[in-house]
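Okay, so here's the structure we're looking at.
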Amino acid sequence: TLFRSQNISEETAAAFGKIVTAENNLSQIGYIYIALSDLLNSLTLRKLNYNDDENISQRVIEYIAANFKESITLETLSAELGISKSYLSHVFSEQLNIHFRTYLGAVRAEHCAELMRTTSKSLTEIAFEGGFESQRSFNRVFKEHFGVSPSEYKKGLLH
1052 TLFRSQNISE ETAAAFGKIV TAENNLSQIG YIYIALSDLL NSLTLRKLNY NDDENISQRV
1112 IEYIAANFKE SITLETLSAE LGISKSYLSH VFSEQLNIHF RTYLGAVRAE HCAELMRTTS
1172 KSLTEIAFEG GFESQRSFNR VFKEHFGVSP SEYKKGLLH
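For the sequence shown, our numbering assigns the number 1052 to the initial residue and increments by one for each residue that follows.
Listed below in structure tokens is the structure:
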């Protein structure tokens, strides 16, 4: 996200409001220039080093570790890191030797397994707390990662 509402000045917010209510196109264009000028002045530019694949891989790992419970796609991750989706996919598979979705699923599955070992929550609660959007995807990914279904895994913990 480039701008958050709390970071937008009152003048910029007012200009956005006047764009909608302006009487003619020239007034709208003027308010657009005011808003964009203020927003551009608040941006901080930073140089990205696309040759530093290891640093990007580390940032990917850290971001996923901190946000795996949220909905993450290659698109949202590339936007967060400020790099192209195709470049991110290339760096990810080249550095980590695993596909993005497989890695994200493994992180989520490991977290869910930890919850099974340390809590008495239901598998449904664990699935959603682990970032899975459905019970079905939780079951599929968990079985791919551990070789057993979540219920079989949980049963094995009881013995």
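Just so you know, even glycine gets a beta-carbon here, dropped at the ideal spot from N, CA and C.
- Task: Determine, using beta-carbon pairs with one atom in the segment 1059 to 1079 and one in the segment 1118 to 1131, whether at least three such pairs fall under 8 Å.
- Result: Fewer than three beta-carbon pairs drawn from the segment 1059 to 1079 and the segment 1118 to 1131 are found closer than 8 Å, and the two stretches are therefore not classed as touching.
- Query: CB-CB under 6 Å to K1069, same chain, minus the five flanking residues each way: which ones, in chain order?
  - Reply: Result list for K1069: Y1082, in chain order.
- Message: What does the Cβ neighbour count give for G1198, buried or exposed, with the cut at 16 atoms within 10 Å?
- Response: By the neighbour-count rule (16 or more Cβ atoms within 10 Å), G1198 is not buried but exposed.
- T1170: buried (16+ other C-beta within 10 angstroms of its C-beta) or exposed? Classification of T1170: exposed, given that the 10 Å Cβ count is below 16.
- How big is the Cα-Cα spacing for L1087 and I1115? When rounded, the distance between both Cα atoms is 32 Å.
- Query: To the nearest angstrom, how far is it from the Cα of E1061 to the Cα of T1095?
  - Reply: In this model, E1061 and T1095 are separated by some 20 Å (Cα to Cα).
- Query: Comparing alpha-carbon positions, which option in E1195, V1111, E1145 and Q1146 lies nearest A1130?
  - Reply: Among E1195, V1111, E1145 and Q1146, the Cα nearest to that of A1130 belongs to V1111.
- Query: Quick one: what's got a C-beta closer than 7 Å to L1125's C-beta in the same chain, skipping five residues either side?
  - Reply: Counting only Cβ-Cβ distances below 7 Å, and skipping sequence neighbours, we find K1136, L1139, S1140 and F1151.
- Task: Indicate the three-state DSSP secondary structure (helix, strand or coil) for G1181 in the structure shown.
- Result: Coil, per DSSP.
- Run of the alpha helix (DSSP H) containing G1156, from where it starts to where it stops: Counting along the chain, the alpha helix (DSSP H) containing G1156 begins and ends at F1151 to T1169.
- Do you know whose CA, among F1067, S1202, E1203 and L1208, lies nearest Y1084's CA? From the listed residues F1067, S1202, E1203 and L1208, the smallest Cα separation to Y1084 is found for F1067.
- Query: So what does DSSP say about E1074, is it helix, strand or coil?
  - Reply: Three-state DSSP puts E1074 in coil, outside helix and strand.
- Rounded C-alpha distance that separates C1163 from I1134: C-alpha separation (whole angstroms): 30 Å.
- Query: Using a Cβ-Cβ cut-off of 6 Å (strictly less than) and excluding sequence neighbours within five positions of G1156, which residues of its own chain qualify?
  - Reply: Excluding the 5 residues flanking it on each side, G1156 has same chain C-beta neighbours closer than 6 Å at V1192, in chain order.
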